[in-house]
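Chemist: Numbering of the sequence shown is given in my numbering, commencing with residue 1113 and proceeding in unit increments. First the structure, then my questions, so here it is.
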Amino acid sequence: MIDWDKWQEIFSSFGKQKLRTSLTAFGVFWGIFMLVVLLGFGGGFGYKVEADFHENNNVLLMWSSNTTQMPYMGLGKGRRIQLKPEDVQAIKQKISTVKMIQGKNAIGGWGTPQPVVYDNLNGTFPVSGTHAGFLPYEFPSVSRVIEGRYVDDLDEKERRKVAVIGTRVKEVLFKNEKNPIGKTIEIKGVNFQVIGVYRNFSSEGAEQSNTSIFLPNETLRQAFNAMSSFDLIFFTPKPGHSSAEVESQVKALLYERHKVHPDDKGVLGGWNHEKFYQQQQSLVTGIVGFSWMVAIGTIIAGVIGVGNIMLVVVKERTREIGLRKALGATPSKISWMIVQESLVITLLAGYSGLVTGVVLLEIVKAILDKMGKGGGMFASPFIDIGTALMALTVLIVTGVLASLLPAMKAASVNPIVALQDE
């Protein structure tokens, strides 16, 4: 049964010093509010990192980036290495730690726009090769086919002249038509049938990535006279092997095959998704750690304030406490009375901060979604139930800690001395 007299007594005590109580409670409110907001945005960033990399956080890319700078095995410097289909086969045969490897090409170099025509409309867009199921690998973000389909195994095997286009390409070339599927576009004098439209749903870099056109890589190589080499190779390590280990093995084999001095740096360029993923994860961890540090510091300041106000309450109520003891109240009951009042302040203030923080995160998320920025770095802030429960636990612990000294002081009041107090 609820002891209404007890609750009335607690709030009556607070009401005597409204300003002082409010300012003290605000310290706790602000600490929990800051914790929720900072962790919410940190969690949103962490969610985006996971969504961007999904299961592709160990992808490796390697390409020829510079000429040799050192003579080696009778060959002079200044040679540029070309990655050939034979290199890919050698890697498959000799490096057992490689799970999957493919070569890729792009017309005119990566990201270089090429003239594309449909009917009487035209534009310039990057055109590159791809493989069946490669859309998640093409961009470190959330991308999917929204119309038609992606390149499949038969497209590659039969070297079909088909293309998957981005939503921006559709807007430019097919603005007068609703459905581009089955239509024919011309790329540098060669016709390709559109089989799918993809969209990158991440706000960062989406405009640029949605302008790309993908062809089956073998079709691209044959149609544009690129059969002799790959622009880059794309590979992933087997489970249990780090991408850095596999990258080192592949680079060593390519150096050996192309007679490049082992100390000649910069001949092959590379991109290690796992390394970048770990950097992003470290950033997320840093944000979360910083959030807790700032919030805990603020909460401690609030706890000190609560402890101070409870000490003042004990001093002001010395005669009352002495009277209670004279009438038979035990020290434990007196202590519990002070602990209850402290817990009420911290829990009400802290819970208000928790609710306010969650509401703010939801408002920010809704506004960003409405603005079309829902895929940005911090655009999906959220607090999970575990974090909320942890925050409530912090509240309870801090409330108890804030009350310890005042409770002990109240419990030690001498009733005879207290009744003589003016």
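Cβ coordinates follow ideal geometry from the N, Cα and C atoms, glycine included.
1. For residue 1367, does the three-state DSSP call read helix, strand or coil?
2. Looking at the secondary structure, which residues open and close the beta strand (DSSP E) in which residue 1278 lies?
3. Evaluate contact between the stretch 1199-1219 and the stretch 1335-1344, counting only Cβ atoms and requiring at least three cross-stretch pairs below 8 Å.
4. Applying the 10 Å Cβ sphere with the 16-neighbour rule, what's the burial state of residue 1308?
5. Is the stretch 1393-1408 touching the stretch 1208-1221, taking contact as three or more C-beta pairs under 8 Å?
6. Less than 7 Å separating the beta-carbons of residue 1055 and residue 1260?
7. Using the three-state DSSP reduction, which class does residue 1356 fall into: helix, strand or coil?
8. Between residue 1519 and the rest of its own chain, which residues show a CB-CB distance below 6 Å, the 5 nearest in sequence each way excluded?
9. Under DSSP, the alpha helix (DSSP H) around residue 1471 begins and ends at which residues?
10. Name the DSSP bridge partner or partners of residue 1218?
11. With a 10 Å radius around its C-beta and 16 neighbouring C-beta atoms as the bar for buried, classify residue 1336 as buried or exposed.
12. Taking residue 1415 as the reference, which of 1427, 1251, 1498 and 1507 has the closest Cα?
13. Measure from the alpha carbon of residue 1229 to the alpha carbon of each residue in 1301, 1214 and 1204, then state which is nearest.
14. Do you know whose CA, among 1173, 1287, 1353 and 1323, lies nearest residue 1226's CA?
15. Name the DSSP beta bridge partners of residue 1256, please?
16. Check the C-beta distance from residue 1351 over to residue 1210 and give it rounded, since I have them as a contact under 8 Å.
17. Determine the closest residue to residue 1516 out of 1436, 1426 and 1383, with distance taken between C-alpha atoms.
Modeler: On the basis of the supplied data:
1. Residue 1367 sits at position 255 when you count from the first residue of the sequence shown. Residue state, collapsed to three classes: helix.
2. Position 166 of the sequence shown, counted from the start, is the residue given in the question as residue 1278. Start and end: 1274-1278.
3. yes
4. Residue mapping note: residue 1308 aligns to position 196 of the sequence shown, counting from 1. Buried, by the Cβ-count rule.
5. no
6. As displayed, the chain neither begins before 1113 nor continues past 1534, which places residue 1055 out of reach and without an answer.
7. Residue mapping note: residue 1356 aligns to position 244 of the sequence shown, counting from 1. Residue state, collapsed to three classes: helix.
8. As a first step, residue 1519 must be located in the sequence shown, where it is residue number 407. If we look at residue 1519 and ignore the five residues flanking it on each side, its Cβ neighbours are 1447, 1450 and 1451.
9. The residue labelled residue 1471 in the question sits at position 359 within the sequence shown. Its alpha helix (DSSP H) spans residues 1443-1482.
10. The sequence position of residue 1218 within the sequence shown is 106, counting from 1. According to DSSP, residue 1218 bridges with 1240.
11. The residue given as residue 1336 occupies position 224 in the sequence shown. When all chains shown are included, residue 1336 counts as buried.
12. Position 303 of the sequence shown holds residue 1415. Nearest option by C-alpha distance: 1507.
13. Position 117 of the sequence shown, counted from the first residue, corresponds to residue 1229. Nearest C-alpha to residue 1229: 1301.
14. Your numbering for residue 1226 matches position 114 in the sequence shown. Measuring from the Cα of residue 1226, the nearest candidate turns out to be 1323.
15. Here residue 1256 is taken as the residue at index 144 of the sequence shown, counted from 1. DSSP lists 1311 as partners of residue 1256.
16. Within the sequence shown, residue 1351 is the residue found at index 239, counting from 1. Within the sequence shown, residue 1210 is the residue found at index 98, counting from 1. At roughly 12 Å, the Cβ-Cβ gap does not stay under 8 Å, so residue 1351 and residue 1210 are not in contact.
17. Mapped onto the sequence shown, residue 1516 falls at position 404. The shortest C-alpha separation from residue 1516 is found at 1426.
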